[in-house]
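In the working numbering, the protein residues as written are 44 to 429.
Here a beta-carbon is modelled for each residue, glycine too, at the ideal position from N, C-alpha and C.
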Amino acid sequence: MLKWSIHKYYLFAVLTLVAKMSYGQNFNHKVYAEVQKVESQEELLLEYERLGPKISGSPGLKNTFLWLLDYYKRIGVDYLRIDTFIYNDEAHYNLVAGYLGRNISRRIMVSAHYDTKGGPGVNDNGTGVTACMEIARLLRGRPIQTGIEFIHFSAEENNLIGSQHYVNNVLGRNDSSLVFLLNLDQLGGTKNNSENNKIYCERDEDSPLQNNNASNAITQKLAQCADLYSNLAPVISKAYNSDYMPFQQAFYVITGLYQYSEYPFYHSKNDLLLNIDIGVHKEVIKTAYAFLLLEADSISLSISNKNKVAMHIFPNPVKKEFTIDVPKEFGESKISLTNTLGQNVFKKEVRVGRNKIVFDHDTGLYFGSIKGSKGQMGIFKIQKVN
Ligand SMILES: [Zn+2]
Numbered sequence: 044m045l046k047w048s049i050h051k052y053y054l055f056a057v058l059t060l061v062a063k064m065s066y067g068q069n070f071n072h073k074v075y076a077e078v079q080k081v082e083s084q085e086e087l088l089l090e091y092e093r094l095g096p097k098i099s100g101s102p103g104l105k106n107t108f109l110w111l112l113d114y115y116k117r118i119g120v121d122y123l124r125i126d127t128f129i130y131n132d133e134a135h136y137n138l139v140a141g142y143l144g145r146n147i148s149r150r151i152m153v154s155a156h157y158d159t160k161g162g163p164g165v166n167d168n169g170t171g172v173t174a175c176m177e178i179a180r181l182l183r184g185r186p187i188q189t190g191i192e193f194i195h196f197s198a199e200e201n202n203l204i205g206s207q208h209y210v211n212n213v214l215g216r217n218d219s220s221l222v223f224l225l226n227l228d229q230l231g232g233t234k235n236n237s238e239n240n241k242i243y244c245e246r247d248e249d250s251p252l253q254n255n256n257a258s259n260a261i262t263q264k265l266a267q268c269a270d271l272y273s274n275l276a277p278v279i280s281k282a283y284n285s286d287y288m289p290f291q292q293a294f295y296v297i298t299g300l301y302q303y304s305e306y307p308f309y310h311s312k313n314d315l316l317l318n319i320d321i322g323v324h325k326e327v328i329k330t331a332y333a334f335l336l337l338e339a340d341s342i343s344l345s346i347s348n349k350n351k352v353a354m355h356i357f358p359n360p361v362k363k364e365f366t367i368d369v370p371k372e373f374g375e376s377k378i379s380l381t382n383t384l385g386q387n388v389f390k391k392e393v394r395v396g397r398n399k400i401v402f403d404h405d406t407g408l409y410f411g412s413i414k415g416s417k418g419q420m421g422i423f424k425i426q427k428v429n
């Protein structure tokens, strides 16, 4: 018996290896090292739980929106947008928080609804929301080729009204800059369930059919990331009944993550932190983060950006002036700014400490670098507005 089970184990291991190799995506040590920075989300999930039920029209829903807005302001994303819509005579808000990529005409969207049904909704969907928050924190200051935009929809639990509104009124049908949408909904697993090691990677299997092949291709890549960078076993399944549906109906490419095990506290007052598998949640975040690092080309860029530190400038967006703090070790330094065409448009010498810099150029995105007296390099981005 023992012999046979060992034999079976080896057979399984060999088959798994063959399957991994046939995916065509190689293990990347830099991705692996980066996703080890993902932290367990107990604290933010507990804050989300304490905000109470987030049902349309409830104070919990409004307070959660403000909590999210404050978080993204604090970590310092490149831009924040609010999409307001009226439902049941009440104002509802979708929140967009994004990082600009080097290529400003490409972006990936990551969605997670923040409203709930029946209770505080820690699993559905505090887990998706805090996954975005953690990934946004880790992406701060990283170079990305393709922009990454987080969107927190309201009123998902009211027939996807928030995401439907966004697609119909903000995005439209022809936004070619949107590469694909990754939807995160219910990622926590179920405490003490033996099937938590599996994760659904969801692809578009509905009409219109034109976008289904691309959805399958990107979902296979997502599944590979689960395989390579987490301890989860991916299971390909059909996307349905969440915020990606209005996107796929408008011909966009979608993919998604959803827990595999049945959750007995679904839409109930017991959808609480103590009923989810917090360890599994962390593994799902690693999967999503690895996937986004690769799809946004962050890894290849960061290799060429070795030894460059991300500098904080404020305010950003910039109207006429910005402030930069030059670290002591940089000494007398030089700042230069490049536009999206790669043209150098600005040069200035700066000193250690706080420098106020007048920058009165055209609106748009600029890439900044600061070179220290001993060759140290700092980088930053500027969004110039009127
Ligand atoms: Zn949900």
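According to DSSP, is residue i part of a helix, a strand, or is it coil?
i	result
Q419	coil
K430	Look at the range of the chain in this structure, 44 to 429, and you will see that residue 430 is not part of it.
G169	helix
E392	strand
E200	coil
H135	strand
Y332	helix
Y295	coil
M354	coil
I413	strand
M64	Low per-residue confidence applies at M64: pLDDT is 45, beneath 50, and the placement is therefore not dependable enough to give any value.
D113	helix
H310	coil
Q267	helix
E338	helix
S285	coil
P277	strand
A155	coil
E326	helix
I118	helix
V361	strand
W47	Low confidence applies here, because W47 scores a pLDDT of 45, under 50, leaving its location unreliable; read the following figure in that light. Helix at W47.
S148	strand
Y303	coil
S258	helix
T366	strand
S220	coil
F373	helix
E82	coil
V210	helix
H404	coil
T189	strand
Could you check whether residue j and residue i sit closer than 8 Å to each other, using their CB atoms as the reference points?
i	j	result
L109	Y115	no
N137	H72	no
A272	A174	With the sequence shown as reference, residue 272 is identified as Tyr, and Ala is not the correct amino acid for it. Not closer than 8 Å, so no.
H324	G407	no
R185	S341	yes
G141	G190	yes
E364	V401	yes
L431	V74	The structure shown does not extend to residue 431, since the chain is modelled only from 44 through 429, so no value can be given for it.
N254	Y309	no
S311	G100	no
S258	I321	no
D167	K97	no
I178	I328	yes
T330	I261	no
R183	I118	yes
E92	G169	yes
L214	C244	no
Less than 7 Å between the CB of residue i and some heavy atom of ligand 1, yes or no?
i	result
D167	yes
H29	There is simply no residue 29 to check, as the chain begins at 44 and stops at 429 in what is shown.
S285	yes
Q292	no
E305	no
D228	yes
E199	yes
Say yes only if the C-beta of residue i is nearer than 7 Å to one or more non-hydrogen atoms of ligand 2, and no if none qualify.
i	result
S341	Ligand 2 is not part of this structure, which contains only ligand 1.
* Do the stretch 139 to 157 and the stretch 219 to 229 touch if we need at least three Cβ pairs shorter than 8 Å? -> yes
* Counting Cβ pairs, one atom from each stretch, are 3 or more of them under 8 Å apart for the stretch 351 to 358 and the stretch 418 to 429? -> yes
* For the 8 Å Cβ check, are there 3 or more pairs between the stretch 309 to 316 and the stretch 79 to 95? -> yes
* Contact between the stretch 232 to 247 and the stretch 297 to 305: three or more CB pairs below 8 Å? -> The stretch 232 to 247 vs the stretch 297 to 305: in contact.
* To do: Could you tell me whether the stretch 413 to 420 touches the stretch 370 to 381, using the rule of 3 or more Cβ pairs below 8 Å?
  => yes
* Do three or more CB pairs link the stretch 394 to 409 to the stretch 364 to 376 at distances below 8 Å? -> By the Cβ test, the stretch 394 to 409 is in contact with the stretch 364 to 376, since at least three Cβ pairs between them sit closer than 8 Å.
* To do: Give a yes or no on contact between the stretch 188 to 206 and the stretch 261 to 269, applying the rule of three or more CB pairs nearer than 8 Å.
  => no
* Do three or more CB pairs link the stretch 128 to 135 to the stretch 274 to 292 at distances below 8 Å? -> no
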